[in-house]
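J.:
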Amino acid sequence: MRGRNTAAEVVAATALPLLWSNLLLPRLRLGMRGRTAATAAFATAYGLAFRARPHWHSPRGLRTGLLAAATITAGYAAALACPPLRTRLAEFAARPAEVTPTEWVTLHIPLGTVYSEELIFRATLDPLLARTTGRYANVLAPLAFGVWHITPARTAGDNPTLAVATTTLGGTILSHLRRTTDSTTAPALLHLALNAGGVLTPRLARALTTRRRLARNP
1 MRGRNTAAEV
11 VAATALPLLW
21 SNLLLPRLRL
31 GMRGRTAATA
41 AFATAYGLAF
51 RARPHWHSPR
61 GLRTGLLAAA
71 TITAGYAAAL
81 ACPPLRTRLA
91 EFAARPAEVT
101 PTEWVTLHIP
111 LGTVYSEELI
121 FRATLDPLLA
131 RTTGRYANVL
141 APLAFGVWHI
151 TPARTAGDNP
161 TLAVATTTLG
171 GTILSHLRRT
181 TDSTTAPALL
191 HLALNAGGVL
201 TPRLARALTT
211 RRRLARNP
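Reminder that position 29 of the sequence shown reads as 29 in our numbering, one-by-one numbering, no gaps.
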């Protein structure tokens, strides 16, 4: 009986986030603010239901996360310093957005993306799968994170297969950080730096490209 209960818990814990992201949330037809609030509420309830272990206040998690975030930020800065990459990045700034970059970076990424996804996947699903499936969790948890992104990728006009592949790879890195620090803080800070930089860097690239063009042609 205990084995059946454990199996049912694993199935439910794995399936619920995927149903939420790919089926239930899209059917609500919410705007970006509504999606952020709804997903944060879902993540909080999910974490409580399945006994999340985020360990947010871990000093080791904080140190590792800050180092990882600094590495990502340095990578974005290097891309801005390279003219061909800067020109390529500037093209992404033209993609339409429902909210201002400031609101996106200060509210929707920290709450709707980083808090929600890290609480669901790294703080809750990762340790649950590790306890019940052993080393298979190293594959299953990142894969679930990748599948979470199917409908969001389609909605954004991106290739769903590519989105699943890249986010599964990203999930593997984020899960590794959680395991090595026993804290969700480290992957959360990396996640925040990556996504916030993904919003801000193209806009900075466009501004720099425009400024240089105007300087050459006053």
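Idealized CB from N, CA, C, for every residue including glycine.
1) So, under 8 Å CB-CB, Ser-175 and Arg-60 are touching, yes? Tell me the CB distance rounded to an integer number of Å.
2) Which first and last residues belong to the alpha helix (DSSP H) in which Val-139 is found?
3) Roughly how many angstroms separate the alpha carbons of Met-1 and Asn-22, rounded to a whole number?
4) Classify Leu-111 as helix, strand or coil using the three-state DSSP reduction.
5) Let me know if Arg-35 comes out buried or exposed under the rule of 16 or more other beta-carbons within 10 Å of its beta-carbon.
6) Quick one: Cα of Gly-171 to Cα of Leu-24, how far?
7) With a CB to CB cut of under 6 Å and the five nearest residues on each side skipped, what residues in its chain are close to Ala-196?
8) Identify which residue in Arg-86, Ala-68, Leu-192, Ile-120 has its Cα closest to the Cα of Ala-41.
9) Return the residue from the list Val-199, Leu-189, Leu-208 that minimises the CA-CA distance to Ser-58.
10) Return the Cβ separation of Ala-93 and Ala-163 in integer angstroms, given the expectation that the two are a contact with Cβ distance under 8 Å.
T.: Based on what the coordinates show:
1) Incorrect: roughly 16 Å between the Cβ atoms, too far for contact.
2) 137 to 147
3) Because the pLDDT at Met-1 is just 47, under 50, the model does not fix this residue reliably, and the point stays unresolved.
4) helix
5) buried
6) 22 Å
7) Val-105, Ile-109
8) Ile-120
9) Leu-189
10) Ala-93 to Ala-163, Cβ: 20 Å. No contact.
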